[in-house]
Amino acid sequence: MTFGTSALDFSILPYEEGVNPPVTKPNPAFLTDIGEEGMRALFSRFYALLFTSPIKDIFPLNEEEMQIASGHSADFFIQICGGPHYFNKHRGPPQMRKRHAPFPIGPNARLHWLVSLEEALQPIIEQKQSSTENIQSFWNYVNVFSQWMINTRD
155 MTFGTSALDF
165 SILPYEEGVN
175 PPVTKPNPAF
185 LTDIGEEGMR
195 ALFSRFYALL
205 FTSPIKDIFP
215 LNEEEMQIAS
225 GHSADFFIQI
235 CGGPHYFNKH
245 RGPPQMRKRH
255 APFPIGPNAR
265 LHWLVSLEEA
275 LQPIIEQKQS
285 STENIQSFWN
295 YVNVFSQWMI
305 NTRD
């Protein structure tokens with residue numbers, strides 16, 4: 155599946171139950187390009203989209219808690235992109251599958267999550283805040299990472 159109008163390849167890898175493909179971390183240059191504040195702005199936009207999305211029920215139900223969750227995600231992605239280990243410092247080791255286990259995440263929820271993330275990436279693309287290669291590397295990571303979070307059937 156492909157969404158959006160960017161020249162980037164935002165194809166969404168098909169989910170195959172029981173298969174956890176290898177994950178390659180994003181190019182650290184993505185974080186270098188957009189900076190920590192850019193990453194925080196990306197996840198602020200992303201969580202604002204999730205707050206009104208069809209999968210909003212698996213996220214905090216008020217905006218203040220959603221912003222806190224957005225900050226935790228930004229900390230994780232700053233860390234995964236080679237930045238400071240804010241997530242580990244404030245939340246402990248990521249163990250993301252374990253953290254997501256209480257929330258029903260099916261293949262369809264993953265699609266909504268990725269479509270929202272692609273939309274949140276658009277200002278970075280339009281403003282040329284990072285190279286196509288670095289944005290693609292980030293997308294490729296979340297595309298596979300999101301498969302690992304699936305814990306239920308639709």
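In the working numbering, the protein residues as written are 155 to 308. Positions of the beta carbon are idealized from the N, C-alpha and C atoms, including for glycine.
Would you call the segment 195-209 in contact with the segment 218-225, where contact means no fewer than 3 C-beta pairs closer than 8 Å?
Short answer: they touch.
Less than 8 Å separating the beta-carbons of Q290 and D163?
Against the sequence shown, residue 290 aligns to sequence position 136. Against the sequence shown, residue 163 aligns to sequence position 9. Contact: yes.
Pairs of beta-carbons, one from the segment 271-281 and one from the segment 231-238, closer than 8 Å: are there three or more?
Counting Cβ pairs under 8 Å, fewer than three are found: no touch.
Looking only at its chain, what residues have a beta carbon closer than 6 Å to the beta carbon of I259, apart from the 5 residues adjacent to it on each side?
On the sequence shown, position 105 is the one that residue 259 refers to. Here the set comprises M303, I304 and N305.
Taking V173 as part of the alpha helix (DSSP H), name the residues at either end of that continuous run.
The residue labelled residue 173 in the question sits at position 19 within the sequence shown. Careful: V173 lies outside any alpha helix (DSSP H) and carries neither H nor E.
Any chance the segment 280-295 sits against the segment 176-191, with 3 or more Cβ pairs inside 8 Å?
Short answer: they touch.
Let me confirm a value: D211 is counted as buried when at least 16 other C-beta atoms fall within 10 Å, else exposed. Which label applies?
Counting from 1 along the sequence shown, the entry for residue 211 is found at position 57. It is exposed - the Cβ of D211 has fewer than 16 other Cβ atoms within 10 Å.
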